[in-house]
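S.K.:
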Amino acid sequence: MNRQSKFIYRFLASLLFLNIISNSSFAADGEALFKANCSNCHKPDQDYTGPALKGAVARQPNAEWIYKWMKNPAGMIAADPYAKNLYDKWKPTVMTAFGQLKKEEVDAILKYANDYVAPVAKGPVGGEQPDGENNSLLFGILTLALAIIAFILLQVNSNLRKLTDEKEGVLRGEPVPFYRNKTYLMTAVFLLFGMGGYLTINAAMGLGRSKHYQPQQPIYYSHKVHAGINQINCLYCHGGAQDSKQGSIPSVNVCMNCHMAIKEYKGEQIVREDGSQVNGTAEIQKLYSYTGWNPEKKEYNPDNNKDGIPDGAHPIEWIRIHNLPDHVYFNHSQHIKVGKQNCQTCHGNIQEMPEVYQFSDLSMGWCINCHRESKVDFYNKDDSTGNKFYSIYEKFHTDIKNHKLDSVTVEKIGGTECQKCHY
Amino acid sequence: MSNNQYWQNFGELNHTDAFKKSAAKEFQEELLPIEELDSKGLLDIKTPRRDFLKYLGFSTAAAAIAASCEMPVRKAVPYLQRPDNVIPGVPNYYASTYINGGDAISVVVKQRDGRPIKIEGNELSSLTKGGTNAQAQASVLDLYDPTRLRHPLQKAGTDFKEVPGFDVFDKMIADGMAAIAGRPIVLLTSTITSPSTLQIIAAFLAKYPGSTHIQYDAVSYSGMLLANEASYGKKILPDYHFDKAKTIVSLGADFLGTWLTPVEFSRQYGENKKIKGEKPDICRHIQFESIMSLTGSNADDRYTHKPSQTGAIALALLSKLGGTVVAPAIADGNLAEGINKTAALLAAAKGTSLVVCGSNDANVQIIVNAINEIIGANGTTINWGATTNVRKGIDTDMVKLSADMAAGNVGAVLIYDCNPVYSYAEGKKFGEALSKLPLSISFNASLNETAEQCKYIIPSHHWLESWGDAEPKAGYISIIQPVIYPLFKTRNFQTSLLKWSGQVAAVNVATAVADSSKGDFKTSVPRQPASLDAYDIYFKEFWTAKLGSADLFDKALQDGIVETIAPITLAAYSAAKVADAAAKIGVVKAGEKEIVLYQKVSVGTGSQANNPWLQELPDPVSKVTWDNYAMVSPALAKELFGFDVANPNSAKDADKYEVHPEKPVIKIIVNGKELRLPALIIPGVHPSTVGIALGYGRESANTSPEKKDINLDRIGMAAYGAGQNAYPFVGFDGVTMSYSVPAILEKTADTYPLAQTQVHGSSESRPVIYETNLVSFIKNPEGVLEEPRKEREEITPVGKEDFRKDATQYPDFERPGIKWGMSIDLNTCTGCSACVVACTAENNVSVVGKIQVQRAHEMHWLRIDRYFMGSAENPSVVFQPMMCQHCDNAPCENVCPVAATNHSSEGLNQMTYNRCIGTRYCANNCPYKVRRFNWLDFNGSDSFKDNQKPLIGIDTNEVTLQMNDDLTRMVLNPDVTVRARGVIEKCSFCVQRLQETKLEAKKQQDPTMVRNVKVACAQACPTNSIAFGNMNDKESDVYKIRNVEQVNRNFYVLEQLHVLPNVSYLAKVRNTDRFVGIKEDGEEHTEQKKDEKKMEKVGA
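Line by line, the protein sequences are chains A and B.
Sequential numbering from 674 applies to the first sequence in this note's numbering.
Sequential numbering from 43 applies to the second sequence in this note's numbering.
Here's what the structure looks like:
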């Protein structure tokens, strides 16, 4: 096998994989098909890893060409001059074969691309919603004000009592000032003890937790640019999330699938939180230095030192953000594939994060809460929907039938038991 | 109810006070080896209150500082290019073959993120059908053995220096070979079953005329090979079919433990012992032996004899069966009766019986062949169509080599996969001659006893790192494929031979290597740059050519096996040598006392001695870890030490012996060589026999002041100091090695501690075992479990029927979905202990070392309880695997103050380590004594590096350091938490496997996937005795066993406590005429008297 075909094979395999994961049984819905199959490399209206698809129908040499091309791009490059030209323009990237797409589906995709109109840029996102913290501040101020009023009233009360006592001739000792009043002192001590205890315990529980942790990474990698603006499917890079317990940070060859072609950053200026600007193109260059890619020659550095990788290539040491303690077993595929959770449930709106930070506190209470509330994809014996695995939970089926139970939560099937996560 | 018919030790047999006292304490803290606590009260110890306060203050402050420190920055480093077949976090499984000195077992290796972490049996192999043994299970740890050599070495003075590269090494060898021109080269290896290796060796021998290949087995089967040559004209071993034999007679052959291919034999034996249908047809196994072996302990009938009598017994059997030989008289009436009975059984079962013999005396084996011929075993239970290749060594070859070397007639010796300096009877002399040779090369993995006498050492790969093949039985090929890139600068033995014999050109390495390294980053990254050494290519070409196509080669790799099953055929028999053999047996001299040298199922011949899992595995019969010892009978002990452990009235000395780990040492003298070994009293050993295990006492010949460090470095922290070497006792009669020799015994004043797990966790004589004999079982199938049935009825309140619901104050919880359950068949469990090691490997169970085992601190989640039944002279034995029973009404759960142990909706008794505060209330309340407490930081998980060193020798052994080495830690299962000090742990039913299976079932939307699940112990079991699955599923194996197939044998241990265990056992059914099982209370004495009368009759 020569180099080229080996590469094509690998590239195809990786894209096919992506295709399998994202390809569902859509009807010939052009937009959906496009997003599922094409959008990682193509944009409708502008060149990307591959050419813009708008006008592709008009550009092709004959009406049947595109179907042949979709079936066997590598073969076409060897035989067909138009395909050869196309390859020369875009090499070394080679189009993935999409043999499984029917003609009408291809037509639908191309129609979608041709009819595509770029959405009008939205204005900046509206003002922030007032959130819970503002309210608690308000309540805090109110409580404090009420406490002061209560204190003043108590003082007034005691003064008045003193006056009435004097008036009625009842003899009492010299009144103690409020700061030596035992009741006040005890109340204060209790309050301080209570608050101190609360804060200490909270702080202790927070030890080892790192919500909002946002380290500086070796490459300024923006999820906003990739997953947000360019709409790359999360699983394209983090494929492990659906197969493995680990979400997997992608190996660098996955980055290079696109970045062999995308050499510079042309999007909106990226600005760090401290106001400094990020040079996107420079960050891409960093990637090349890690992978040993020579963008000028469009090839990897030779492997002169015979260690099996291009000279100069070295792995990227990302800073790990989400850390669970060793005694916790967490499985991504369980949540993504079986639980059908979105990545955002735990990782927040990652597609809007220029730099990733830890969105959830990853505490046990947070996990348990979700397990109490989330419903499993319970099997419905009547219409055979839901996950068939759950057909063995006969008790729940009877309960549902008898209307004792309306849905099955993760907790019901044992999702809050110790040895679901600790073993 | 209490009965003493099943007993674990003599104290239990006799109900002694010391035993009762020790049984009441789960952990024997009065045995603390800490001097400070000695003879003083806890309050008077040297650490005063002020110190305590100081430490308290310091640790609080330290904790506060540590807690306020910043979180450590952790890195996540992805692959540069992820290999196609690796998804981080998802294990891959590769078929391969465990090989060790001729042994070969097809296995599947679990590889996680590039590291092999667990060995499982290959279910496609028709020899083992997925079974393994303890050694195969443990061998994954050998890969990470710190004594493995990191690079090739060359002798420099008394020490060794690194050879910078293989090219340099090859040059040195070429020069060396040239220098000895003319003098013969000897290739000394263990038995080689690999077809490709044999071909390479043949080519090597052809290249150097005059050179020879000698195969040497640490424990020899020469006698059988020579006998087969005499009887059948073939110097090879046949294939035995224990599954086709209805009567199995073994004369001292430990075929379930260590004899030839025990995994295969165990599988056959297990199939033969499975109770099926109403009139089960199970085999009858009769064992004649001198010591209590694993196989003997499984026998239906067992007779003891002096080792020198083996030949006489064989002759007696032969003459009773109609052979024309004169049998010497047998004085022991019991034994003579046994021979008569056995001969009658064999005569009645012609064509369905089998006699095997463990003796290495060719004459005895010739007689055994004659017996097998008469009973029609040849061609029915003995198959000559597929011969066994696992042992091929001929003793005289080795003796001749030793003499030639001493005489200077040998130019070079190349030693692969054997350690003759240690395991050869005249090993010391062999070593001296070896060190004087002009050229000596070792391919051994470590700098062991033999390697350190060699001039050059080029360590070969571990089998998990190399390609290869094995043919343990003709026609049954098992493929070895690498599962990890070689950890060190090692090279295959075969590659070296190819290079040194100039065969490399023949396999066209140049093109093949170029092909593999051509791929660059963008096409395919060669994951193993330049790793394809000559043998890898040779191997691939060899098998592609043999199998016919590359596709078939790929399939062979995937399956791990290529089998061509030949029909059972017989071999032409000749009785010519029988009379001669009989005459020679007649003149065998008996000693007054004799020793038997045997192997344990754990350490075996000693090649895996530095494996802590094997060293800490309790011997199935003696329950001793970390040592070998002199196995003696109660009668011999009485003769030597004057106390009788078997006698209830002998009291004190026996008590002390029984409870305390210190055992009296005896001196054993054989041919002027002596050993001082602790005497361990085991019932069922012949009174004039002493059993000593081989494989222990590994030691470097180095005698410098740094001796200990050198030994720890070369021999290993686990192997060094464990037991003593008994190989020098092996005798030689001019033809074969003898593993039973006359000896002189002397009492000494010394004592030596043995770490025995026997009395740990006693069930305090509660009935935990039920058994019966076959006749009674067929007559009254329900009879065997009558007692527990009665008890259930008694406990259930009057008017109520449901024992489960009504006999308790606790509610009965529903188990929607899944309810896990396990069933263990005591009839087929042989006690081989493969499951114990499998559990250790799967669940990261800590190794604690000898000192901690002595204190009952062993951590095994799964133990095998061994019970004796009957007299101390020759008891029958029952093995019972015991692990957490996952009680639905668990006594441990409601005493935990922090709810660290509780019940899951699937019926699991869950142990949550991070919640446990270490009160040990649960362990105290567990009736099965299966909970383990982490007394120390055995895993180094919560201490600073080097923190454990000061404790070595006081609290722990060096092995703790070995297990916490960065290299050794690679074996840990990343899905299971490594437990810290101060928490309880126990069997989890392999919850990680259950969760994984459930997840897969949910992904596939297939509830049948959770029907039967293979937990680690069930997977390892060679006899398929353990079934595990979902009790809510009526199609599951465990449901069917409990409710359909084996209803009459199904019992729960200590069911009357109403703890509702989720583990059930199947009662044992022995195929014997003896009475078996628990006698009624009232009848006990009369029954005993009857027995005695019977015995008297037998004696007369």
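Every residue, glycine too, gets a C-beta built ideally from N, C-alpha and C.
From a predicted model like this one, the values you see are computed outputs, not experimental measurements.
Mind checking which residues open and close the alpha helix (DSSP H) that includes Trp655 (chain B)?
M.R.: Here residue 655 (chain B) is taken as the residue at index 613 of the second sequence, counted from 1. Start and end: Pro654 to Gln657.
S.K.: If you measure from the beta carbon of Arg569 (chain B) to each beta carbon in chain A, is any gap under 9 Å?
M.R.: Against the second sequence, residue 569 (chain B) aligns to sequence position 527. Annotation note: pLDDT 38 at Arg569 (chain B) (below 50); position unreliable, coordinate value reported separately. True, the Cβ-Cβ gap to chain A drops below 9 Å.
S.K.: Against chain A, which members of the region 1022-1039 of chain B pass a CB distance test of less than 7 Å?
M.R.: Ser1030, Val1033 and Gln1034
S.K.: Find the nearest neighbour of Tyr970 (chain B) within the set B:Ile708, B:Val1095, B:Pro304 and B:Glu1000, judged by alpha-carbon distance.
M.R.: Along the second sequence, read from residue 1 onward, the residue named residue 970 (chain B) stands at position 928. If we check each option's Cα against that of Tyr970 (chain B), B:Val1095 comes out closest.
S.K.: Output needed for Asn696 (chain A): all residues of its chain with C-beta closer than 6 Å, excluding positions within five of it in sequence on either side, in chain order.
M.R.: Numbered from 1 along the first sequence, position 23 holds the residue referred to as residue 696 (chain A). At Asn696 (chain A), the pLDDT of 41 sits below 50, so the modelled position is not reliable; the number obtained from the coordinates is stated separately. So the list reads Ala709, once near-sequence residues are dropped.
S.K.: Closest to Thr422 (chain B) by C-alpha separation, out of B:His327, B:Ala295, B:Tyr282 and B:Gln536, would be which residue?
M.R.: Position 380 of the second sequence, counted from the start, is the residue given in the question as residue 422 (chain B). Comparing Cα positions, the closest option is B:Tyr282.
S.K.: Considering Cα atoms alone, identify which of B:Asp459, B:Arg433, B:Met113 and B:Phe297 is closest to Leu279 (chain B).
M.R.: Locating residue 279 (chain B) in the second sequence gives position 237, counting from the first residue. Cα-wise, what sits closest to Leu279 (chain B) is B:Arg433.
S.K.: Quick one, which residues of the region 842-868 of chain B are near chain A if we go by CB-CB under 8 Å, in chain order?
M.R.: Glu856, Pro858, Gly859 and Ile860
S.K.: Between the region 497-509 of chain B and the region 165-179 of chain B, do at least 3 Cβ pairs fall closer than 8 Å?
M.R.: no
S.K.: Which of the three DSSP states is assigned to Thr430 (chain B) in this structure?
M.R.: Numbered from its first residue, the second sequence carries residue 430 (chain B) at position 388. If DSSP states are grouped into helix, strand and coil, Thr430 (chain B) belongs with the strands.
S.K.: Based on DSSP bridge pairs, tell me the residues matched to Ser395 (chain B).
M.R.: Here residue 395 (chain B) refers to the residue found at position 353 when the second sequence is read from its first residue. The partner list for Ser395 (chain B) (beta bridge, DSSP) reads B:Thr289.
S.K.: To the nearest angstrom, report how far apart Glu741 (chain B) and Gly173 (chain B) are at their CA atoms.
M.R.: Taking the second sequence and counting its residues from 1, one reaches residue 741 (chain B) at position 699. Taking the second sequence and counting its residues from 1, one reaches residue 173 (chain B) at position 131. Near 33 Å, if we compare the C-alpha coordinates of Gly173 (chain B) and Glu741 (chain B).
S.K.: Start and end of the alpha helix (DSSP H) containing Trp585 (chain B)?
M.R.: As a working note, residue 585 (chain B) is residue 543 in the second sequence. Residues Ala576 to Leu589.
S.K.: Considering only residues of the region 830-917 of chain B, which uninterrupted alpha helix (DSSP H) runs meet the minimum length of 4 residues and lie entirely inside it, listed in chain order?
M.R.: 845-848, 876-884 and 892-896
S.K.: Go to Phe246 (chain B), then tell me how far its beta strand (DSSP E) extends in each direction, as first and last residue.
M.R.: The sequence position of residue 246 (chain B) within the second sequence is 204, counting from 1. Per DSSP, Phe246 (chain B) belongs to no beta strand (DSSP E); it is in the alpha helix (DSSP H), Pro237 to Lys249.
S.K.: Helix, strand or coil: how does DSSP classify Arg1021 (chain B) here?
M.R.: Position 979 of the second sequence, counted from the first residue, corresponds to residue 1021 (chain B). It is coil, neither helix nor strand.
S.K.: Could you give the distance in angstroms between the alpha-carbon of Tyr1052 (chain A) and the alpha-carbon of Glu704 (chain A)?
M.R.: On the first sequence, residue 1052 (chain A) is found 379 positions in, with the first residue counted as 1. On the first sequence, residue 704 (chain A) is found 31 positions in, with the first residue counted as 1. Taking the straight line from one Cα to the other gives about 31 Å.
S.K.: Could one say the Cβ of Asp999 (chain A) lies closer than 9 Å to chain B's Cβ atoms, at least one of them?
M.R.: The residue labelled residue 999 (chain A) in the question sits at position 326 within the first sequence. Chain B contact via Cβ: present.
S.K.: Does the beta carbon of Asp916 (chain A) come closer than 9 Å to any beta carbon on chain B?
M.R.: On the first sequence, position 243 is the one that residue 916 (chain A) refers to. Yes, Asp916 (chain A) counts as interfacial toward chain B.
S.K.: When the Cα atoms are used, what is the spatial distance from Lys939 (chain A) to Ile957 (chain A)?
M.R.: In the first sequence, the residue the question calls residue 939 (chain A) occupies position 266. In the first sequence, the residue the question calls residue 957 (chain A) occupies position 284. When rounded, the distance between both Cα atoms is 11 Å.
S.K.: Select from A:Cys1019, A:Lys1085 and A:Val1029 the residue whose C-alpha is nearest the C-alpha of Trp1039 (chain A).
M.R.: On the first sequence, residue 1039 (chain A) is found 366 positions in, with the first residue counted as 1. Closest by alpha carbon: A:Cys1019.
S.K.: Could you say which of B:Gly646, B:Glu716, B:Leu659 and B:Asp1007 lies nearest to Ala735 (chain B) if we only look at CA atoms?
M.R.: Looking up residue 735 (chain B) in the second sequence gives position 693. Checked all of B:Gly646, B:Glu716, B:Leu659 and B:Asp1007; the closest Cα to Ala735 (chain B) is B:Gly646.
S.K.: Tell me, which residues are paired with Met743 (chain A) by DSSP?
M.R.: For the purposes of this step, residue 743 (chain A) is taken as the residue at position 70 of the first sequence. None, per the DSSP bridge assignment.
S.K.: Roughly how many angstroms lie between the CA atoms of Ser465 (chain B) and Asp1017 (chain B), to the nearest whole one?
M.R.: Here residue 465 (chain B) corresponds to residue number 423 of the second sequence, with the count starting at 1. Here residue 1017 (chain B) corresponds to residue number 975 of the second sequence, with the count starting at 1. Those two C-alpha atoms are separated by around 39 Å.
S.K.: Using beta carbons (cut-off 9 Å, strictly below), is Ser1006 (chain A) in contact with chain B?
M.R.: Counting from one through the first sequence, the residue named residue 1006 (chain A) turns up at place 333. At least one chain B Cβ lies under 9 Å of Ser1006 (chain A).
S.K.: Take the Cβ of Phe824 (chain A) as the centre, count every other Cβ of all protein chains shown within 10 Å, and call the residue buried at 16 or more, exposed below.
M.R.: Position 151 of the first sequence holds residue 824 (chain A). Classification of Phe824 (chain A): exposed, given that the 10 Å Cβ count is below 16.
S.K.: Do Pro795 (chain B) and Gln896 (chain B) have their C-beta atoms within less than 9 Å of each other?
M.R.: The count along the second sequence starts at 1 and reaches residue 795 (chain B) at position 753. The count along the second sequence starts at 1 and reaches residue 896 (chain B) at position 854. Result yes, Cβ atoms of Pro795 (chain B) and Gln896 (chain B) sit closer than 9 Å.
S.K.: In chain B, which residues lie with their C-beta within 7 Å of the C-beta of Phe1069 (chain A)?
M.R.: Here residue 1069 (chain A) is taken as the residue at index 396 of the first sequence, counted from 1. Per Cβ cutoff of 7 Å: Pro858.
S.K.: Measuring alpha carbon to alpha carbon, tell me which residue in B:His702, B:Ser138, B:Thr943 and B:His928 is nearest Ile147 (chain B).
M.R.: In the second sequence, the residue the question calls residue 147 (chain B) occupies position 105. Of B:His702, B:Ser138, B:Thr943 and B:His928, the smallest CA-CA separation from Ile147 (chain B) is found for B:Ser138.
S.K.: Going by beta-carbon coordinates alone, are Asp984 (chain A) and Gly965 (chain A) separated by less than 9 Å?
M.R.: Stepping through the first sequence from its first residue, residue 984 (chain A) is reached at position 311. Stepping through the first sequence from its first residue, residue 965 (chain A) is reached at position 292. For Asp984 (chain A) and Gly965 (chain A), yes; Cβs fall inside 9 Å.
S.K.: Between which two residues does the beta strand (DSSP E) holding His255 (chain B) run?
M.R.: For the purposes of this step, residue 255 (chain B) is identified with residue 213 of the second sequence, where counting begins at 1. Run containing His255 (chain B): Thr254 to Gln257, per the beta strand (DSSP E) assignment.
S.K.: Quick check on Ile989 (chain A): buried or exposed, where buried means 16 or more other Cβ atoms within 10 Å of its Cβ?
M.R.: What you label residue 989 (chain A) is simply residue 316 of the first sequence in a count that begins at 1. Answer is buried; the Cβ neighbour count reaches 16.
S.K.: State yes or no: is the C-beta of His932 (chain A) within less than 9 Å of the C-beta of Leu960 (chain A)?
M.R.: Along the first sequence, one-based indexing puts residue 932 (chain A) at 259. Along the first sequence, one-based indexing puts residue 960 (chain A) at 287. In this structure, Leu960 (chain A) lies closer than 9 Å to His932 (chain A) by Cβ.
S.K.: Residues in the same chain with beta-carbon distance under 6 Å from Ala556 (chain B), minus the five sequence neighbours each way, listed in chain order, please.
M.R.: Locating residue 556 (chain B) in the second sequence gives position 514, where the first residue counts as 1. Low confidence applies to Ala556 (chain B): its pLDDT is 39, below 50, so where it sits in the model is not reliable enough to give any reading.
S.K.: Closer than 9 Å by beta-carbon distance: list the chain A residues that pair up with Asn1074 (chain B), in chain order.
M.R.: Translated into the one-based positions of the second sequence, residue 1074 (chain B) becomes position 1032. Residues of chain A passing the Cβ test: Ile1065 and Glu1067.
S.K.: Determine the closest residue to Gly633 (chain B) out of B:Pro501, B:Ser947 and B:Ala785, with distance taken between C-alpha atoms.
M.R.: As a working mapping, residue 633 (chain B) is identified with position 591 in the second sequence. Here the closest residue by C-alpha is B:Ala785.
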